Amino acid sequence: GAGVSQSPSNKVTEKGKDVELRCDPISGHTALYWYRQSLGQGLEFLIYFQGNSAPDKSGLPSDRFSAERTGGSVSTLTIQRTQQEDSAVYLCASSLLPGPGLSTDTQYFGPGTRLTVL
Amino acid sequence: KQEVTQIPAALSVPEGENLVLNCSFTDSAIYNLQWFRQDPGKGLTSLLLIQSSQREQTSGRLNASLDKSSGRSTLYIAASQPGDSATYLCAAQGGSEKLVFGKGTKLTVNP
Numbered sequence: 289g290a291g292v293s294q295s296p297s298n299k300v301t302e303k304g305k306d307v308e309l310r311c312d313p314i315s316g317h318t319a320l321y322w323y324r325q326s327l328g329q330g331l332e333f334l335i336y337f338q339g340n341s342a343p344d345k346s347g348l349p350s351d352r353f354s355a356e357r358t359g360g361s362v363s364t365l366t367i368q369r370t371q372q373e374d375s376a377v378y379l380c381a382s383s384l385l386p387g388p389g390l391s392t393d394t395q396y397f398g399p400g401t402r403l404t405v406l
Numbered sequence: 054k055q056e057v058t059q060i061p062a063a064l065s066v067p068e069g070e071n072l073v074l075n076c077s078f079t080d081s082a083i084y085n086l087q088w089f090r091q092d093p094g095k096g097l098t099s100l101l102l103i104q105s106s107q108r109e110q111t112s113g114r115l116n117a118s119l120d121k122s123s124g125r126s127t128l129y130i131a132a133s134q135p136g137d138s139a140t141y142l143c144a145a146q147g148g149s150e151k152l153v154f155g156k157g158t159k160l161t162v163n164p
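Protein chains in written order, with our numbering: chain A, 289 to 406; chain B, 54 to 164.
Shown next as structure tokens:
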């Protein structure tokens with residue numbers, strides 16, 4: 289079946305503008321994750337959604353970052369008033385999650401959105 | 054706080070050589086340890102997932118081991134090929150579900 293898809297693949301924006309990044313997870317996957325990969329840095333966890341539970345936002349770097357997941361499927365990551373340090377590749381992943389506290393299945397990653405803030 | 058370290062940061066080997074990539078983690082309370090491959094400009098491809106109760110997993114020329122007590126995992130690649138050239142990432146998953154990644158090992162296999 290189809291994998292995780294993300295759009296746009298590339299986004300160039302000016303400092304101070306808002307951007308929205310979209311993620312379509314694999315159908316049937318209940319867990320959805322956002323990560324960020326900055327130049328020279330490892331992947332950094334941002335936010336995690338699981339079913340109807342409150343999202344784990346512990347990785348969001350500032351209140352300019354927010355995310356929502358509508359209908360338990362598509363997710364949108366919004367960055368307000370973008371800064372140059374927000375430039376990175378934003379990766380989305382999804383997985384099956386049998387239940388709270390249980391080990392999850394493999395996380396399947398999308399191709400990412402490369403964000404450049406000028 | 055979980056920290057994951059990968060050594061070496063980069064590795065260059067001739068084709069056909071067997072090699073080992075190393076990963077260490079500070080908190081042994083993990084659910085699983087995953088190895089991924091990342092090609093330039095692309096997303097991550099899952100290679101192997103080792104549950105906390107397992108010692109190793111194998112897929113083709115790849116073998117990953119896990120020693121929770123010492124906080125170490127290794128990825129063994131047999132008979133390396135130029136197509137294996139990529140960045141290899143390991144990630145530990147704990148109770149918070151999120152993956153904590155190392156910074157990766159960039160592998161170059163020379164023909």
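All C-beta atoms in this analysis are idealised placements derived from N, C-alpha and C, irrespective of residue type, glycine included.
Values in this document were obtained by computation on a predicted structure and should not be read as measured data.
- The stretch 91-111 of chain B makes contact with the stretch 395-404 of chain A, as at least three CB pairs between them are under 8 Å.
- Neighbours of T394/A in chain B, taken as residues at a C-beta separation under 7 Å, are given in chain order as Q87, S99 and L102.
- Taking a Cβ-Cβ cut-off of 9 Å, the neighbours of L152/B in chain A comprise Y321, Y323, L331, F333, A381 and Q395, given in sequence order.
- Taking C-beta separations shorter than 7 Å and ignoring five residues to either side along the sequence, the partners of Q55/B in its chain run F78, T79, D80, A145, G147 and V153, following chain order.
- Contacts with chain A at 8 Å (Cβ-Cβ) include K156/B.
- Shown here, D120/B sits in a strand according to DSSP, grouped into three states.
- If you draw a straight line from the Cα of V377/A to the Cα of S350/A, it is about 17 Å long.
- Restricted to the stretch 341-371 of chain A, the beta strand (DSSP E) segments that are unbroken, complete and at least 3 residues in length are 353-357 and 363-367, listed in chain order.
- In the pairwise beta carbon analysis, the stretch 65-78 of chain B is classified as not touching the stretch 321-339 of chain A: fewer than three pairs are separated by under 8 Å.
- At a cut-off of 8 Å, the C-beta of K54/B has no neighbouring C-beta in chain A.
- Distance from the CA of N298/A to the CA of T404/A, rounded to the nearest whole angstrom, comes to 8 Å.
- The beta carbons of S375/A and T366/A sit about 16 Å from each other, so the pair does not count as a contact at 8 Å.
- Using a CB distance cut-off of 8 Å, P399/A counts as an interface residue toward chain B.
- Among the CB atoms of chain A, one or more fall inside 8 Å of the CB of G96/B.
- Ranked by Cα distance from I130/B, the first of G124/B, A82/B and A139/B is A139/B.
- Taking 3 residues as the minimum length, the beta strand (DSSP E) runs contained wholly in the stretch 70-94 of chain B are 72-78 and 85-91, in order along the chain.
- Listed by position along chain B, the residues whose Cβ is nearer than 9 Å to that of Q338/A are E150.
- Cα atoms of P313/A and A381/A: separation of roughly 7 Å, rounded to the nearest angstrom.
- Here the C-alpha atom of P67/B lies approximately 35 Å from the C-alpha atom of I83/B.
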